[in-house]
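Quick notes on the structure that follows.
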Amino acid sequence: MNLEYGPEYEDFRAEVIDFCKEYEGISFENTSSKNISRSEWQKILIEKGFIARAIPKEYGGFGGETDIIKSRIIATEFSKAKIPGGMGGQGIDMLVPTLLEWGTEEQKQHYIQPTLHGEMIWCQGYSEPNAGSDLASLQTKGELKDGNWVINGQKIWTSTAQYSQMMFCLVRTEPQAPKHSGISFILIPMDTPGIEIRPLVDMTLNAGFNEVFFTDVTVPEGNIVGKRGDGWSVANSVLGHERGSLADPNATMNRLNTLINMMKEETIDGRRLIDIPSYRDRLMQVQGKVMANQAHSLRLLSSKINPGQNVKLGGMIQKLVGTELRHEMEALAIDVLGEIGTLYEETPRLKENGSFQFHYMYFLGLIIGGGTNQIQKNIISERGLGMPKEPKVQEAS
Amino acid sequence: MYFGLSEEQNQFQDYVKKFLSDNVSVDEIRKIANGDDQKLHDDIKSGLMNLGLSGLLIPENYGGLGGDLLSAVSIAQGLGTGVGPISFAGSYVMTPIALSLGGNDDQKDKYLPKIASNEIKFGVGLSEYVAAREDSGIELNKGKASGKALFVIDGDDADFFILSDKGGTMFIVDKNDKGLEVIQLTTVDKTRLYLELNLKNVKAEVLQETENNPFIIQKVIDAGRIILSADSLGASESMIEKAVSYAKERKQFNRVIGSFQAVKHMCAEMAADLEPCYAMLWQAAHSFDHDPDEARLQACQAKSHIAEVAKMVSKKATEVHGGMGFTDLLGLHYWFKRIGLNRQILGGPELVREEAAELQGFNQ
Ligand SMILES: Cc1cc2nc3c(=O)[nH]c(=O)nc-3n(C[C@H](O)[C@H](O)[C@H](O)COP(=O)(O)OP(=O)(O)OC[C@H]3O[C@@H](n4cnc5c(N)ncnc54)[C@H](O)[C@@H]3O)c2cc1C
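First to last, the sequence lines map onto chains A and B. Residue numbers are given in my numbering: position 79 of the first sequence equals residue 82, and the series is strictly consecutive. Residue numbers are given in my numbering: position 17 of the second sequence equals residue 819, and the series is strictly consecutive.
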């Protein structure tokens, strides 16, 4: 066991800490004196190599080596100093790594830089009304006609579609091929004629996702990533990236601290919530889980830099355990606040901007999205523990 | 940066696992649990001792290996996987730490080398310091101890016991002292022995550094808690393995039960909850050795969290086995019960969580 990153990294940490001091208190709000735009901030971070580190310069990245220890140090110090990180979202987190792996030179040149700079927002068009967990049964159709893909069908649950310039989309292009090998991965500009977007309000009362309808939507043949029928493999390489990012341990730790501070401030009959034994015990239980998770993320980090260390099963549990933990933590905050915990939106007596209710619901969304937690358990048991797959049922009734 | 057991620690653990799987089948465990075969038990004890467990935490200048707590954790995980029917947490972890930190030079000279060479053995009873149940509790007066100690661990073949008064002053008593009455308690866990000691004016050899210095007894308890957690972790790992392999063999409705999602999901839940416990445990041990500011909180939280996860695993793994899981024949219950004991000894989850809260100044 050696938890030191070494002097080189401690120098780097010092550099990051200095940077955080320099930008202490920055904000994207117009009202703030330290106001900065998101895209300016994004560019500063890239220039420093704090994000987009391993992405070549010619595509708008920093052009360095992947260094997950540095990434970890950045995430930790930013989180401690409450400095905003770089932009996230489907484009940066999912599409860029996919293009780096599967894209043509032209696609990389064209899409990566504007995506990194936050000028090109992407949405993920995978799920359909009849293809959720069973994603490979998707039916949105793509036909090659005169050097163009002509797309017809419908997507659903498409997060941020209404703000996006582009969609990466799974489309059935080989209707004769077996289910998994008839799909292609196609890039679609959202202003293409024939696209209709209908926002769907989710339980948090935000329109977090959308229905997207395609009627003869026509995009050039070259908008395919990978070969015809390779879409399933292309998409799967991205899903891995998504699942890892759904439950960030630094964010979880920050939330725990918010919860603890709230329990020290709020009272019942003049008694601090944290002084009430049953509440305190639940808090300690959640803290135990958070600590286990933090330590686990270090073990995973270690397995990436020490090739001999096998933590395959450990990686598979992240999405399941991380999202359930966040949901449980927010639920605890609501319970200890009692009736006050039910306040939401604009109202007197709201605590923490209503974020406990918001996250309580939001994380239920993440428990369902990104491969439901039941599907995660299938994956853990089958791929992690080597248990047999469900036998195929001939015909679902 | 390397987060995990070292190659050497992994190897040491593998030796222990291998010894147990080669030599201590469920039939052997049953004979030992029923007290049917003393020779068998002695052979197993000496076999395990030959791996060098007794000197692991004893400093090199006292004839030991000078290992750290993380090394002891790696062993304890191994012992847990095979419900190793031997003393460890008390005799070979808490005792050397208590003597090293609390003893004076004479005491260290007198006891440590002989523990390492396996000539003498200690049992440990600190339950009263954590939470005195019923009429237990010991008073120290002018070098004499009177009172009761409950749930003394690792007392089999013990020549001495380390006990404490309510203030955390630790002392040694000799098994042969006339004022000492030793009573065997029968718990559900028959892989290890638990004792009650009644003391009437027993000569108490105080570990001087522990007088007015609760830091030492706390450190000893932290170590004990971490080791008991490691034992439960090992036992849980083994129960999941047994459940998964049983589920791949056993057929019902013309298919292996491991293809039923209800069964698969129980297994996935066990694995998902247990997996982070490894890192939590190792980090707690590492902090014990290197990061005193974090150590106590981590020890408390590891004790509580791993106890909860292990309890869940012990239940679900039993369920996966159906009626067979409930039988004495299969012997899964030895693991179930071992986890049950580790959970309560040196403080159950609620008690240690309360301590964790106190450490952070949460209950005023
Ligand atoms: C907040 C949020 C954001 C999302 N964003 C996007 C997005 O941007 N782009 C996109 O393409 N999709 C997105 N999704 C869709 C998401 O991927 C799907 O909702 C998810 O895969 C589940 O599909 P479904 O909704 O059709 O549910 P179903 O698949 O119908 O599942 C219903 C229930 O059945 C269970 N179930 C289904 N199959 C199995 C099985 N084999 N074994 C055990 N249980 C099973 C599920 O676990 C669930 O409990 C988002 C979803 C949410 C909630």
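For each residue, glycine too, the CB sits at the ideal point set by N, CA and C.
From A:N239, A:Q168, A:I189, A:I95, pick the residue whose C-alpha is nearest to that of G63 of chain A; which is it? That would be A:I95, whose Cα lies nearest to the Cα of G63 of chain A.
If you measure between the beta carbons of F963 of chain B and F1017 of chain B, is that distance less than 8 Å? no
With DSSP run on the structure shown, which of helix, strand or coil describes L1122 of chain B? The displayed chain sequence assigns Val, not Leu, to residue 1122 of chain B. DSSP places V1122 of chain B in helix when its eight states are reduced to three.
Candidates A:H113, A:R283, A:F216: closest to I158 of chain A by CA position: For clarity, residue 158 of chain A is Lys in the given sequence; the question names Ile instead. Per the Cα distances, A:F216.
Could one say the Cβ of A1158 of chain B lies closer than 8 Å to chain A's Cβ atoms, at least one of them? yes
Closer than 7 Å: is that where the CB of N381 of chain A sits relative to any heavy atom of ligand 1? yes
Do Q377 of chain A and ligand 1 come close, with the Cβ less than 7 Å from some heavy atom? Because some heavy atom of ligand 1 lies under 7 Å away, the Cβ of Q377 of chain A counts as near it: yes.
Going straight from the alpha carbon of F361 of chain A to that of L1153 of chain B, what length do you get? 33 Å
Among residues of its own chain, excluding the 5 on either side of P178 of chain A, which ones have a beta-carbon nearer than 8 Å to its beta-carbon? K144, G185
Assigned secondary structure, S919 of chain B (DSSP; H/G/I helix, E/B strand, else coil): coil
If we cut at 8 Å on Cβ distances, does V324 of chain A have a partner in chain B? yes
Step through the CB atoms of chain A and report whether any lies within less than 8 Å of the CB of N812 of chain B. no
Please return the same chain residues whose Cβ sits closer than 7 Å to the Cβ of K85 of chain A, not counting the five positions on each side in sequence. none
Can you give me the Cβ contacts of Y282 of chain A inside the same chain, cut-off strictly under 6 Å, excluding the 5 residues immediately before and after it? L276, V339
Does chain B have any CB closer than 8 Å to the CB of R258 of chain A? no
Opening and closing residue of the alpha helix (DSSP H) in which R75 of chain A lies: Here the alpha helix (DSSP H) through R75 of chain A covers 71-84.
Rounded to whole angstroms, what is the Cα-Cα separation between C836 of chain B and L928 of chain B? In the sequence as displayed, the identity of residue 836 of chain B is Asn instead of Cys. Their backbone Cα atoms lie some 27 Å apart in a straight line.
Taking Cβ-Cβ distances below 8 Å as the criterion, which residues of the segment 868-885 of chain B are in contact with chain A? L872
By a C-beta neighbour count over all protein chains shown, 10 Å radius and 16 as the cutoff for buried, is F53 of chain A buried or exposed? Counting other Cβ atoms within 10 Å of its Cβ, F53 of chain A reaches 16 or more and is therefore classed as buried.
Considering only the alpha carbon of each residue, which of B:L965, B:G857, B:A934, B:N1015 lies closest to L916 of chain B? For the sequence presented, residue 916 of chain B should be read as Lys rather than Leu. Checking every option, the nearest Cα to that of K916 of chain B belongs to B:G857.
Which partner residues does R1057 of chain B have in the DSSP bridge list? Bridge partners of R1057 of chain B according to DSSP: B:Q1054.
Nearest-angstrom Cβ-Cβ length linking W1084 of chain B and L872 of chain B, presumed shorter than 8 Å: About 6 Å separates the two Cβ atoms, so the contact holds.
CB-CB length for Y365 of chain A against T207 of chain A, believed under 8 Å: Going by Cβ atoms, the distance from Y365 of chain A to T207 of chain A rounds to 6 Å, so yes, they are a contact pair.
N1056 of chain B burial status per 10 Å Cβ neighbour count (16 or more: buried): exposed
Can you tell me where the beta strand (DSSP E) holding R994 of chain B begins and where it ends? No beta strand (DSSP E) holds R994 of chain B; DSSP gives it neither H nor E.
Is N356 of chain A near S82 of chain A, with beta carbons less than 8 Å apart? Cβ distance not < 8 Å, so N356 of chain A and S82 of chain A don't count as in contact.
Cβ pair L822 of chain B, G868 of chain B closer than 8 Å: no
Nearest-angstrom beta carbon gap, V1004 of chain B and A763 of chain B [assumed within contact, 8 Å]: Given a span of 803 to 1166 for chain B in the structure shown, any question on residue 763 of chain B remains unanswerable.
Close-in-space but distant-in-sequence residues of the same chain around R1052 of chain B (CB under 7 Å, 5 per side omitted): Answer for R1052 of chain B: V1058, I1059, listed in chain order.
Closer than 9 Å at the beta carbon, the chain A residues around W1137 of chain B: Result: empty, since nearest Cβ-Cβ is about 18 Å, beyond 9 Å.
Run through chain B and tell me which residues come within less than 9 Å of K392 of chain A, C-beta to C-beta. S1061
Interface residues of the segment 118-141 of chain A facing chain B [CB-CB below 9 Å]: none
Where does Q127 of chain A sit, in a helix, a strand or coil, going by DSSP? strand
Residues of the segment 141-165 of chain A whose Cβ lies closer than 7 Å to any Cβ of chain B, in chain order: none
I383 of chain A: contacting residues in chain B (beta-carbon distance under 7 Å): Within chain B, the residues near I383 of chain A are A1070, A1073, A1074.
The beta strand (DSSP E) with S948 of chain B in it runs from where to where? Note, S948 of chain B: beta strand (DSSP E), 946-955.
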